[in-house]
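Here's the structure we're looking at; comments come further down.
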Amino acid sequence: MTFRKPVLGFAACSGTGKTTLLVRLIPFLEQRGVYVALIKHAHHDFDIDKPGKDSYELRKAGARQVLIASDRRSALITENAESKEPRLDDLVTQLALDAVDLVLVEGFRHVPFSKIELHRPSLKHPLLCHEDASIIAVATDVHLNTEPLPRLDLNDVAMIGDFILAWLSERSHERAN
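Residue numbers (the numbering used here): 197 to 373.
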């Protein structure tokens, strides 16, 4: 997959700590001048608005799309006519890419695009990198042989952030040539 902006995923089984890491990683990147958009894949029905709120009532009344906007933020809620898995490339095109330097993705682990695998052996799940050639590094909380991929300390946000900054720099050099 090719995108107009760099897109980097975080692949792991549920409960590994993807969101916890991202909540710490995004400010690290922003402090270094890298502005981030985030796409999170949800495996179940979800609501971002609540019963009683105008947006909820308008959507439940049948509006296929509800765009809520203020001077500080906006949110677009789209009801799909049929149940189908979202496509990452379609979701990326919905973002205001001119406002960001990097798109981080939580989930979509079966889609072929650059990803960092998060792995906690204590959860008893196999490494994904053996089956997924698009994984570029493994972040884990134990010493593990991840050769030929770099091994990152899952609990060291600076190490992971520096790896991402180097990856971004390498991508910008490739685009320039």
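Ideal Cβ placement from N, Cα and C applies to all residues, glycine included. These numbers were taken from a predicted model, which means no experiment stands behind them.
Residue j beta carbon less than 8 Å from that of residue i
i: D337; j: L350; result: yes
i: A238; j: V299; result: no
i: V288; j: F359; result: no
Residue nearest to residue i in terms of C-alpha spacing, selected from the options
i: M355; options: D243, L217, G213, G205; result: L217
i: S310; options: P317, A292, T289, V334; result: V334
i: L225; options: H369, R367, A362; result: A362
i: A277; options: V353, K201, L291, R255; result: R255
i: I244; options: I222, P223, D267, T274; result: T274
i: S251; options: D285, I264, R260; result: I264
i: I235; options: T215, R269, H339; result: T215
i: S365; options: D297, L293, V353; result: D297
Closer than 8 Å to chain D by CB, residue i
i: P344; result: Chain labels in this structure do not include chain D; a single protein chain is all it has.
Buried versus exposed, by CB contacts within 10 Å (16 or more), residue i
i: G258; result: exposed
i: V301; result: buried
i: L314; result: buried
i: V219; result: exposed
i: K249; result: exposed
i: L348; result: buried
Residues that DSSP places opposite residue i in a beta bridge
i: L300; result: L204, L234
i: V334; result: E313, R347
i: S270; result: A265
The ligand PLP heavy atom lying under 7 Å from the CB of residue i
i: M355; result: Within the structure as shown, the ligand PLP is missing, as the structure has no ligands at all.
Sufficient close CB pairs (3 or more, under 8 Å) joining the stretch 294–308 to the stretch 199–210
Yes, the stretch 294–308 is in contact with the stretch 199–210.
Quick check: the stretch 226–235 against the stretch 316–335, are at least 3 beta-carbon pairs closer than 8 Å?
Counting Cβ pairs under 8 Å, fewer than three are found: no touch.
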